[in-house]
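K.L.:
Read in order, the letters of the sequence shown are residues 1 to 610 in full-length UniProt numbering. Idealized CB from N, CA, C, for every residue including glycine.
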Amino acid sequence: MGNRGMEDLIPLINKLQDAFSSIGQSCNLDLPQIAVVGGQSAGKSSVLENFVGRDFLPRGSGIVTRRPLILQLVNNKAEYAEFLHCKGKKFVDFDEVRSEIEAETDRITGSNKGISPIPINLRVYSPHVLNLTLIDLPGMTKVAVGDQPQDIEHQIRDMLMQFITKESCLILAVTPANTDLANSDALKIAKEVDPQGLRTIGVITKLDLMDEGTDAKDILENKLLPLRRGYIGVVNRSQKDIDGKKDIRAALAAERKFFLSHPAYRHIAERMGTPHLQKALNQQLTNHIRDTLPGLRSKLQSQLLSLEKEVEEYKNFRPDDPTRKTKALLQMVQQFGVDFEKCIEGSGDQVDTNELSGGAKINRIFHERFPFELVKIVFDEKELRREISHAIKNVHGVRTGLFTPDLAFEAIVKKQIVKLKTPCLKCIDLVIQELINTVRQCTNKLNSYPRLREETERIVTTHVREREGKTKDQVLLLIDIELSYINTNHEDFIGFANLDYRRLDDGSPPGYGNNSAQQRNTAANKKRAIPNQGEILVIRKGWLTINISIMKGGSKEYWFVLTAESLSWYKDEEEKEKKYMLPLDNLKIRDVEKGFMSTKHIFAIFNTEQ
Numbered sequence: 001m002g003n004r005g006m007e008d009l010i011p012l013i014n015k016l017q018d019a020f021s022s023i024g025q026s027c028n029l030d031l032p033q034i035a036v037v038g039g040q041s042a043g044k045s046s047v048l049e050n051f052v053g054r055d056f057l058p059r060g061s062g063i064v065t066r067r068p069l070i071l072q073l074v075n076n077k078a079e080y081a082e083f084l085h086c087k088g089k090k091f092v093d094f095d096e097v098r099s100e101i102e103a104e105t106d107r108i109t110g111s112n113k114g115i116s117p118i119p120i121n122l123r124v125y126s127p128h129v130l131n132l133t134l135i136d137l138p139g140m141t142k143v144a145v146g147d148q149p150q151d152i153e154h155q156i157r158d159m160l161m162q163f164i165t166k167e168s169c170l171i172l173a174v175t176p177a178n179t180d181l182a183n184s185d186a187l188k189i190a191k192e193v194d195p196q197g198l199r200t201i202g203v204i205t206k207l208d209l210m211d212e213g214t215d216a217k218d219i220l221e222n223k224l225l226p227l228r229r230g231y232i233g234v235v236n237r238s239q240k241d242i243d244g245k246k247d248i249r250a251a252l253a254a255e256r257k258f259f260l261s262h263p264a265y266r267h268i269a270e271r272m273g274t275p276h277l278q279k280a281l282n283q284q285l286t287n288h289i290r291d292t293l294p295g296l297r298s299k300l301q302s303q304l305l306s307l308e309k310e311v312e313e314y315k316n317f318r319p320d321d322p323t324r325k326t327k328a329l330l331q332m333v334q335q336f337g338v339d340f341e342k343c344i345e346g347s348g349d350q351v352d353t354n355e356l357s358g359g360a361k362i363n364r365i366f367h368e369r370f371p372f373e374l375v376k377i378v379f380d381e382k383e384l385r386r387e388i389s390h391a392i393k394n395v396h397g398v399r400t401g402l403f404t405p406d407l408a409f410e411a412i413v414k415k416q417i418v419k420l421k422t423p424c425l426k427c428i429d430l431v432i433q434e435l436i437n438t439v440r441q442c443t444n445k446l447n448s449y450p451r452l453r454e455e456t457e458r459i460v461t462t463h464v465r466e467r468e469g470k471t472k473d474q475v476l477l478l479i480d481i482e483l484s485y486i487n488t489n490h491e492d493f494i495g496f497a498n499l500d501y502r503r504l505d506d507g508s509p510p511g512y513g514n515n516s517a518q519q520r521n522t523a524a525n526k527k528r529a530i531p532n533q534g535e536i537l538v539i540r541k542g543w544l545t546i547n548i549s550i551m552k553g554g555s556k557e558y559w560f561v562l563t564a565e566s567l568s569w570y571k572d573e574e575e576k577e578k579k580y581m582l583p584l585d586n587l588k589i590r591d592v593e594k595g596f597m598s599t600k601h602i603f604a605i606f607n608t609e610q
């Protein structure tokens, strides 16, 4: 081949193959290799024996190859064979090699005709071979024979697929010339995984057994079923030759003579025969390894990096040193605490860009989901009027009342306040669920220690659940406090204040009879603050912060006036310079939330029709 560096490629892959076979797994790396596929008795084993120049493979009728045989041919002055499972033992007698293959096959598959995907690794050193690695796979069959399982066809097919579906595997499709090429099992399965024919090499055996007057010239010239890598014809020894111990070298000479003397193949004789097939495979495998090597190298490097990262995690692990154990445990638990805090506070080193999580989700529950749940509380006005009517009548009993009783008012109001309990408890449940999800997310780093992870999750979750009960009690207590005393004299209570405005406007005394100076003062002040009171009833007024990013400085404060018809905002409380007016058609107002000790008021304006 000329290039010494290139010649070293195949032995390099052989070393990797041995290493993977020894540890029993491929580390997710697909090595470049050549897999030999074909129907039963297509002559696959004979082709391999011709390469080596020795009889060393089990022979007979029916299924003979029952485990994949990774055959590594190494050009060497001395001639001997080695098995990976018999390290250090050199087989010089090739009959012993055959016996060892049979014994090793039976050891895994049993003496019946069952199959196994566990490969046998055989390395043959010889001066007659070129560096080459092939995988001899069981021949495809249609019918179960003897003790074979009924699904033997599917078992063999699945095993072949394990090898040939990998893009790094070249397929040596062996087809006998005395069957129609369209019926070839090997080409059919090769076409399934390689429809373009880019990595399939065709081998046509038994050319000497074709009917007189027929030949495989069109196939070998790659005209009938074209393959990118073409077809090569070979002539193996017949069963009679094998039984008569015909020498393989003599058989190769006879093969050469056959191609040179046959009129149909004479012009392509240089591209036919076992020696040319061996050269072609050596060349193709070397080129194939060269092409796939960069990808293999980068995959190996990335796996090495991830392994080093994993090893780093076990750096402090000394199973025999209790102080190390304690220190490692403390470090992991502390790290969990830090991660959890970062998730909630939102200062984590790895920010999730796909979805909200942790603190951000809890924020959303409080500021979007909870208000939405409150606004969803709907009451039927007709029903409410009916309830008010019933409440007033029930409070009066047998008497006919003149004034609206406080008790009726309280009964109706309390019924509305109680409705707050459900959304409040739902909000707590959502927050608890998010906290538990955050705990699970933070314990992912403890995956290497499943029991520690389990315990950490259990302890933290139990604590969160305990606090959940107390939180719910506290929230229900707050609502009960609101229910226990209704302060109609509060500045946020509109009914009382508006009653005063109207009475003062008419010149009549304010309601509830207790016409103290303080009340007159308050009402008069309020009246002065509300222009055109008689025309439009003002519901709320005060300072309003508007967050608009376009405005320089981010947010600005305006004086707002909310009436039954519109929401207007002014430059200041003098209400001279109006900035904007928003008409409120089909909209209603509802108080959203109010701090326990806070006087700041928040309300929602929502559309009743949607």
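So P119 packs on R67, CB below 8 Å; how close in whole Å?
P.N.:
In the sequence shown, counting from the first residue as 1, residue 119 sits at position 119. In the sequence shown, counting from the first residue as 1, residue 67 sits at position 67. Rounded, the Cβ-Cβ distance is 6 Å, consistent with contact.
K.L.:
I need the DSSP call for G136, collapsed to helix, strand or coil.
P.N.:
To locate residue 136, count along the sequence shown from 1; it is residue 136. First, the amino acid is wrong: residue 136 is Asp here, not Gly. It is a strand residue.
K.L.:
So what does P405 bridge to, in DSSP terms?
P.N.:
Taking the first residue of the sequence shown as position 1, residue 405 is located at position 405. In the DSSP output, where bridge partners are listed per residue, P405 has none listed.
K.L.:
Please classify D185: is it buried, with 16 or more other beta-carbons within 10 angstroms of its beta-carbon, or exposed?
P.N.:
As a first step, residue 185 must be located in the sequence shown, where it is residue number 185. With 16 or more Cβ atoms within 10 Å of its Cβ, D185 is classed as buried.
K.L.:
Who pairs with E169 in a beta bridge, going by DSSP?
P.N.:
As a first step, residue 169 must be located in the sequence shown, where it is residue number 169. As written in the sequence, residue 169 is Cys, which differs from the Glu given in the question. Its beta-bridge partners are Q33.
K.L.:
In terms of alpha-carbon separation, which member of T471, F372, H367, L252 lies closest to R54?
P.N.:
One-based indexing of the sequence shown puts residue 54 at position 54. It is L252.
K.L.:
List, from N- to C-terminal side, the alpha helix (DSSP H) runs of 4 residues or more that fit wholly inside the stretch 296-354.
P.N.:
List check, alpha helix (DSSP H) in window: 322-345.
K.L.:
Restricting to Cα atoms, I'd like to know which of H288, L209, L84 is closest to Q33.
P.N.:
For this step, residue 33 is matched to residue 33 along the sequence shown. Looking at the Cα atoms, H288 is the closest of the given residues.
K.L.:
Report buried or exposed for K206, applying the criterion of at least 16 other Cβ atoms within 10 angstroms of its Cβ.
P.N.:
Mapped onto the sequence shown, residue 206 falls at position 206. Under this definition K206 is a buried residue.
K.L.:
Leaving out five residues on either side along the sequence, give the residues of the same chain with a beta carbon under 7 Å from the beta carbon of P58.
P.N.:
If you number the sequence shown from 1, residue 58 lands on position 58. Same-chain partners within the cutoff: V64, R98, I101, E102.
K.L.:
With which residues is residue 612 paired in a DSSP beta bridge?
P.N.:
Past the boundaries of the shown model lies residue 612; the chain is included only from 1 to 610, so the question cannot be answered.
K.L.:
Go through its chain and collect everything with a Cβ distance to M551's Cβ below 6 Å, but skip five positions before and after it.
P.N.:
Here residue 551 corresponds to residue number 551 of the sequence shown, with the count starting at 1. Residue placement at M551 is poorly supported in this model, since its pLDDT is 46, which falls under 50; the coordinates still yield a value, given next. Around M551: no qualifying Cβ.
K.L.:
Between L582 and H490, what straight-line distance do the alpha-carbon atoms span, to the nearest angstrom?
P.N.:
Counted from its first residue, the sequence shown places residue 582 at position 582. Counted from its first residue, the sequence shown places residue 490 at position 490. In a straight line, the C-alpha of L582 is about 28 Å away from that of H490.
K.L.:
Between L296 and the rest of its own chain, which residues show a CB-CB distance below 7 Å, the 5 nearest in sequence each way excluded?
P.N.:
Here the question's residue 296 lines up with position 296 in the sequence shown. Same-chain partners within the cutoff: L29.
K.L.:
Name the DSSP bridge partner or partners of I120?
P.N.:
Stepping through the sequence shown from its first residue, residue 120 is reached at position 120. In the DSSP output, where bridge partners are listed per residue, I120 has L69.
K.L.:
What would DSSP say about E557, mapped onto helix, strand or coil?
P.N.:
Locating residue 557 in the sequence shown gives position 557, where the first residue counts as 1. Strand.
K.L.:
Measuring straight from C-alpha to C-alpha, what distance separates E192 and T165?
P.N.:
As a first step, residue 192 must be located in the sequence shown, where it is residue number 192. As a first step, residue 165 must be located in the sequence shown, where it is residue number 165. Roughly 9 Å separates the two Cα atoms.
K.L.:
Tell me the residue span of the alpha helix (DSSP H) that contains residue 618.
P.N.:
Coverage of the chain is limited to positions 1 through 610, which leaves residue 618 absent and any answer about it impossible.
K.L.:
Using a threshold of 8 Å, state whether the C-beta atoms of M140 and A177 are closer than that.
P.N.:
Against the sequence shown, residue 140 aligns to sequence position 140. Against the sequence shown, residue 177 aligns to sequence position 177. Their beta carbons are not under 8 Å apart, which means M140 does not touch A177 by this criterion.
K.L.:
Going by beta carbon distance, what residues of the same chain come within less than 6 Å of A391, once the five residues before and after it are set aside?
P.N.:
If you number the sequence shown from 1, residue 391 lands on position 391. A408, A411, I412.
K.L.:
Mind checking who G542 pairs with in its DSSP beta bridge?
P.N.:
Residue numbering aside, residue 542 sits at position 542 when the sequence shown is read from its first letter. Answer is F560.
K.L.:
Which same chain residues, not among the five before or five after S46, have their C-beta less than 6 Å away from its C-beta?
P.N.:
Against the sequence shown, residue 46 aligns to sequence position 46. Counting only Cβ-Cβ distances below 6 Å, and skipping sequence neighbours, we find N236.
K.L.:
Using the C-alpha atoms, what's the distance from I152 back to S111?
P.N.:
By 1-based counting over the sequence shown, the position of residue 111 is 111. By 1-based counting over the sequence shown, the position of residue 152 is 152. Roughly 15 Å separates the two Cα atoms.
K.L.:
Suppose the cutoff is 8 Å on Cβ atoms and the five residues either side in sequence are ignored; what does the same chain contact list for L16 look like?
P.N.:
Taking the sequence shown and counting its residues from 1, one reaches residue 16 at position 16. L29, L31, listed in sequence order.
K.L.:
So, is S41 buried or exposed, given that buried needs 16 or more other C-beta atoms within 10 angstroms?
P.N.:
By 1-based counting over the sequence shown, the position of residue 41 is 41. S41 is buried by the Cβ-count criterion.
K.L.:
By the 10 Å Cβ neighbour count, where 16 or more other Cβ atoms means buried, how is E434 classified, buried or exposed?
P.N.:
Taking the sequence shown and counting its residues from 1, one reaches residue 434 at position 434. Looking at its Cβ environment, which holds 16 or more other Cβ atoms inside 10 Å, E434 is buried.
K.L.:
Let's see if you can read the secondary structure: which residues bound the alpha helix (DSSP H) around E573?
P.N.:
Against the sequence shown, residue 573 aligns to sequence position 573. Counting along the chain, E573 falls outside any alpha helix (DSSP H), and DSSP gives it neither H nor E.
K.L.:
What span of residues does the beta strand (DSSP E) with M272 cover, start to end?
P.N.:
What you label residue 272 is simply residue 272 of the sequence shown in a count that begins at 1. M272 -> no beta strand (DSSP E), and no H or E assigned at all.
K.L.:
Run through DSSP, which three-state label would N607 get?
P.N.:
Numbered from its first residue, the sequence shown carries residue 607 at position 607. Of the three classes helix, strand and coil, the one that applies to N607 here is strand, per DSSP.
K.L.:
Take the Cβ of V174 as the centre, count every other Cβ of all protein chains shown within 10 Å, and call the residue buried at 16 or more, exposed below.
P.N.:
In the sequence shown, residue 174 corresponds to position 174, counting from 1. Per the 10 Å Cβ criterion, buried.
K.L.:
Give me, in chain order, the residues of the same chain whose beta-carbon lies closer than 7 Å to that of E468; leave out the 5 immediate sequence neighbours on both sides.
P.N.:
Locating residue 468 in the sequence shown gives position 468, counting from the first residue. The residues are I428, I432.
K.L.:
Can you give me the C-alpha to C-alpha distance between I189 and L430, rounded to a whole angstrom?
P.N.:
For the purposes of this step, residue 189 is taken as the residue at position 189 of the sequence shown. For the purposes of this step, residue 430 is taken as the residue at position 430 of the sequence shown. In a straight line, the C-alpha of I189 is about 55 Å away from that of L430.
K.L.:
Quick check on DSSP: helix, strand or coil for T205?
P.N.:
Here residue 205 refers to the residue found at position 205 of the sequence shown. It is a strand residue.
K.L.:
Do you know how far the Cα of Q441 is from the Cα of F83?
P.N.:
As a working note, residue 83 is residue 83 in the sequence shown. As a working note, residue 441 is residue 441 in the sequence shown. Going from the Cα of F83 to the Cα of Q441 covers about 49 Å.
K.L.:
Any chance the stretch 362-370 sits against the stretch 446-461, with 3 or more Cβ pairs inside 8 Å?
P.N.:
Counting Cβ pairs under 8 Å, fewer than three are found: no touch.
K.L.:
Just to confirm, is the Cβ distance from T286 to I10 under 8 Å?
P.N.:
Here residue 286 refers to the residue found at position 286 when the sequence shown is read from its first residue. Here residue 10 refers to the residue found at position 10 when the sequence shown is read from its first residue. Cβ atoms of T286 and I10: closer than 8 Å.
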